[in-house]
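Engineer: This structure is in structure tokens; I'll ask about it shortly.
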Amino acid sequence: MIINRRNFIKSSSLAAASFFFPNFLEALTLPEAIEMNGKILIILQLTGGNDGLNTIIPVKNDIYFKLRNKISIKEENALLLTDEAGINPDLKFLKQLYDNGELAVLNNVGYPDPNKSHFRSMDIWQSASGSNEFINSGWLGRYLDEACHSCQNPTQAIEVDDLLSLAMKGNNNKAIAFKDPKKLYDYSVENFYKKIITDGHDHDLASYMYNTLGSTINNSEYIFEESKSKSTDKVYPTTQIGKDFKTIASLIKSDINTQVYYLSIGSFDTHYNQNKSQSNLFKMIDQAVKVFVKDMKENGKFNDIMIMTFSEFGRRVAQNASNGTDHGTANQMFFISGGLKKKGLLNPLPDLTNLKDGDLIYTEDFRKVYATVLKRWLNSDDNKILGKDNGYYDFI
Amino acid sequence: MNNFLKNKHLISRAGFGIHHNDIEKYKNLSPKKLYQELKNNSEYKVLLTDFPTVTPEQYLEMSKAQDRKPLNQFNNLYNKNFRKSWHSQMINSPYQLREKMAFFWHGHFATRIQHALFNKEIIEIFRKNALGSFRDLVFDVSKSSAMLNFLNNQQNKKAKPNENFSRELMELFTLGRGNLYTEKDIKESARAFTGWSYNELGEFTDNKKQHDAGEKVFLGRNGNFDGTDIINIILEQPECAEFITKKIYQFFVNDIADEKIVKSLSQKFYKSNYDILTLMDEIFLSDWFYSNENIGSKIKSPVELIVGIRRIMPMDLQNKDTIYNFEKILGQELLQPPNVAGWPTGLAWIDSSTLLIRMKIPSVMAGYKTLDIEPKPNDDVNMGKEENKVIVNQKQNTITIHWDSINNILNQDLFSILLPKSNEKLQNTILQFNSDKSRKHLMISIMSTPEYQLC
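So, in structure tokens, the structure goes:
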């Protein structure tokens, strides 16, 4: 695989230009720059604050039904996972995954002093900071810094989006973002850019930008070629998330060696008529994940792939007057993979008798989840990336 | 270095970049004279918006309604309009120094709220006190509804102190993280600020019933301190002057601070009793400000980039929002700093996406290229609605550049007008690339370089 990449660079139209990028090229040819343990992590961000209590439903809990007289999901409508818990009826495929032992659910994940602003809480999750800390880098970006400290090889981590999230920005390395490989290619492969990157630059800021530009052009050609080479034959839904999973599938099947993919769907900010909009979003996720998992299984890759979901916060336990819910605190996370060590519900459902101002009190810290994923899935130094020891879970 | 280059450097830091009408003037004026002119042109006028505001009483009425939609809608429209109005001052106003300074304070005392009237109030505090006394500024901000609301000081009560405000006051606004103070000082000063709140009309209130009048120990001193005492004690510390001076230096001069210069500046700032203009005089009238290492040493923030383009290249927008959307996708929206620590700076602005978009925007404005980008959703504003794509093409949201009004520029040395420093190699490459193209095309090409991101 390493050979492939080196060959690609030699043959690329930038070969001449790259003469002027000794560091950049050298990095690409270093084996450790693209060495990986074969595990792939896909982060699915549920933007807007998904209502966890209508996702994994406490079907026997009177408090739940009392506080949500209009929007609660009854036991007979939920897809039962255990005596106590059901999954939302629009997550049918996730129920199948659960039955197959390919889904794990960690309930009641959050952090101390929760913030209810979408933006701020999302920053806390993406940077893995405390509530009172302000960190300008993301946890996956810092993973890139660690895993890829000597290289400028952002195809290690890819965000399927026009813009890059904080989560994917490290202090030295940043992931690359694109909605589809063709668009990135069209945006970056300009003759003018190719002309100007061949000049040397002595100024630090300018050379940083020229390096970013050079690697973007180079990577965009590479990614575009790769994405075409193994375009998937599966029929994915035509929804945005369907397209995004299709892009990821074709890249996984190529030899691009990306370890982290990041995508998002929203908005889960369901202040009004929640059930309809949540249901639509769940259907889109469920259908896309269904095709994707099938695709990966047929290619023998599902054991090495894990999809992890998160949202910036859950919602209040009680519904509001508009048949919606307002911003809350703790929430569940899903882990979907053929390679889970523990499956099903990993811990008890949230305790609805013990609330703080009407909100759930988190019992699991999301940084412990990150630590687990970094250490046990991505094989990296979580203490360094997260700045402290958070302990580990044992589901992977 | 000639006066033109120096003046261009000065206006890119003490303002938002060179204006297309000022080219000839900047060739002849000395930087000292130009700075004097910028100072003379710094009258304070309240921003006018063409969207009708409401009185605090009317706002209160709206906020009491069961249906939140009209209130959200008002906040969105008013905030948008207010942003527009400030933006247009940054482009057109001769009061460049004041607006640039206010822009700095907006990132320093950062609040991110939706309440339109609170936003208006705090931005006007920045604009009014921009070049005045830092002391007044700290007091006005600390008593503003926007800051009290954003840092939850209305919940800071005798029975249950909330430390949020006192923590950020020291960590971000005055002393710097862990500098001089301890966790204990945060707790004690939080007690002193108990009762600082605002009434339902947004006016500051000092609620004696909620105030803890007991004795506190703060920075080694004992007394029955209240909020005013705490701020005064902080301002007595030379470390406060040093922290602010360093931040101003990094914003206006160079991300890498020259410790010796900062030290000497901060002593003067302290002695002047925190007179901001005195500090700015020291910076902009110095020789070192114009030294080679300080020119082109900053990456323009998205607002600086877009406002700068509009100052040099006048244009009409089919949809006025397009321009704010450019800033949004590049990561900086006025009234929406990411958090209380303000916007990150320098290389934080640059990644593969934002760099390509930055380099593409001038061509998009000129109609050579199209743009189709989906911004990250902002659910704090959208309330569950989808984010609109930012699209610019021949049919939608077109931008018309007034080439006629910059004819005089087109035939001059565009490189020296547009880039902070001369770079012969880059110049040759661009000239070669544009050999069979128009001067307009050349101007756009120069603006589509990494160097153009610098100031």
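Top to bottom, those sequences are chains X and D.
Here the first sequence stands for residues 1325 to 1720, where the numbers follow the working numbering.
Here the second sequence stands for residues 10 to 464, where the numbers follow the working numbering.
C-beta atoms are modelled at their ideal positions from N, C-alpha and C, and glycine is treated no differently.
#1: Mind reading off the beta-carbon distance from D:I366 to D:L339? Whole number of angstroms is fine, and I expect it under 8 Å.
#2: Can you tell me whether DSSP reads D:R230 as helix, strand or coil?
#3: Skipping 5 residues on each side, what residues in its chain have a beta carbon closer than 7 Å to that of X:K1503?
#4: Among all the DSSP beta bridges, which residues are the ones paired with X:I1500?
#5: Does X:P1382 come out as helix, strand or coil in the three-state DSSP assignment?
#6: Report the rounded CA-to-CA distance for D:I257 versus X:F1458, giving the unit in angstroms.
#7: When Cβ atoms are compared, which residues of the region 295-309 of chain D fall closer than 9 Å to chain X?
#8: Among residues of its own chain, excluding the 5 on either side of X:K1498, which ones have a beta-carbon nearer than 7 Å to its beta-carbon?
#9: Check whether the Cβ atoms of D:F483 and D:G229 lie closer than 8 Å to each other.
#10: In this structure, how does DSSP classify X:A1530 when only helix, strand and coil are distinguished?
#11: Does the structure place the region 138-157 of chain D close enough to the region 185-201 of chain D that three or more beta carbon pairs sit under 8 Å?
#12: Since D:N128 and D:N88 are thought to touch, with beta carbons under 8 Å apart, how far apart are those beta carbons, to the nearest angstrom?
#13: Can you tell me the Cβ-Cβ gap for D:L181 and D:A350, rounded? I've got them flagged as a contact below 8 Å.
#14: Mind listing the chain X neighbours of D:M392? Cutoff is C-beta to C-beta under 9 Å, in chain order.
#15: X:M1630 by DSSP, collapsed to three states: which one?
#16: Going by CA-CA distance only, name the one from X:I1631, X:K1708, X:K1666 that's closest to X:L1368.
#17: Would you please verify whether the beta carbon of X:G1372 is less than 8 Å from any beta carbon of chain D?
#18: In chain order, what residues of the same chain have a beta carbon less than 6 Å from the beta carbon of D:I243, not counting five sequence neighbours either side?
#19: Could you say which of D:L126, D:M156, D:W114 lies nearest to D:S142 if we only look at CA atoms?
#20: If D:R107 sits next to D:Y53, beta carbons under 8 Å apart, how far is it from one beta carbon to the other, in whole angstroms?
#21: Would you report the Cα separation of D:N81 and X:S1578, rounded to the nearest angstrom?
#22: Is there a Cβ from chain D that is less than 8 Å from the Cβ of X:A1530?
#23: Suppose the cutoff is 6 Å on Cβ atoms and the five residues either side in sequence are ignored; what does the same chain contact list for D:I453 look like?
#24: Looking only at C-alpha atoms, which of D:N173, D:Q163, D:I131, D:G355 sits nearest to D:S153?
#25: Which chain X residues sit within Cβ distance under 9 Å of D:I338?
#26: Which parts of the region 1369-1420 of chain X are runs of the beta strand (DSSP E), unbroken and 3 residues or longer, counting only runs that do not cross its ends?
#27: At a Cβ cut of 9 Å, what residues of the region 1635-1655 of chain X count as close to chain D, listed as they run along the chain?
#28: List, in chain order, every chain D residue whose beta-carbon is nearer than 7 Å to that of X:S1555.
#29: Residues in the same chain with beta-carbon distance under 7 Å from X:K1666, minus the five sequence neighbours each way, listed in chain order, please.
#30: Between D:L356 and chain X, is any beta-carbon pair separated by less than 8 Å?
#31: Is it buried or exposed, D:L160, if we count other Cβ atoms within 10 angstroms and call 16 or more buried?
#32: Along the chain, where does the beta strand (DSSP E) that runs through X:Q1656 open and close?
#33: Could you pull out every residue in the same chain whose Cβ sits closer than 7 Å to the Cβ of D:I304, ignoring the five residues on either side in sequence?
#34: DSSP three-state label for D:S454, please.
#35: List, in chain order, every chain D residue whose beta-carbon is nearer than 7 Å to that of X:N1721.
#36: DSSP three-state label for D:S97, please.
Structural biologist: Looking at the atomic coordinates:
#1: 6 Å
#2: strand
#3: V1484, D1485, D1486
#4: X:I1482
#5: strand
#6: 20 Å
#7: G305, S306, K307, I308
#8: G1465, P1478, L1488, M1492
#9: With chain D covering only 10 through 464, there is no way to say anything about residue 483 of chain D.
#10: helix
#11: no
#12: 6 Å
#13: 6 Å
#14: S1591, D1593, H1595, Y1596
#15: strand
#16: X:I1631
#17: yes
#18: T183, C249
#19: D:W114
#20: 7 Å
#21: 47 Å
#22: yes
#23: P371, S372, A375
#24: D:I131
#25: D1486, L1487
#26: 1380-1382, 1409-1411
#27: E1636, A1645, S1646, G1648
#28: Ordered by position in chain D, no residue passes the 7 Å Cβ test against X:S1555, which lies about 22 Å from the chain.
#29: A1428, D1718, F1719
#30: yes
#31: buried
#32: 1655-1661
#33: H18, P429, K430
#34: helix
#35: Here chain X comprises residues numbered 1325 to 1720, so residue 1721 of chain X is not present and cannot be evaluated.
#36: helix
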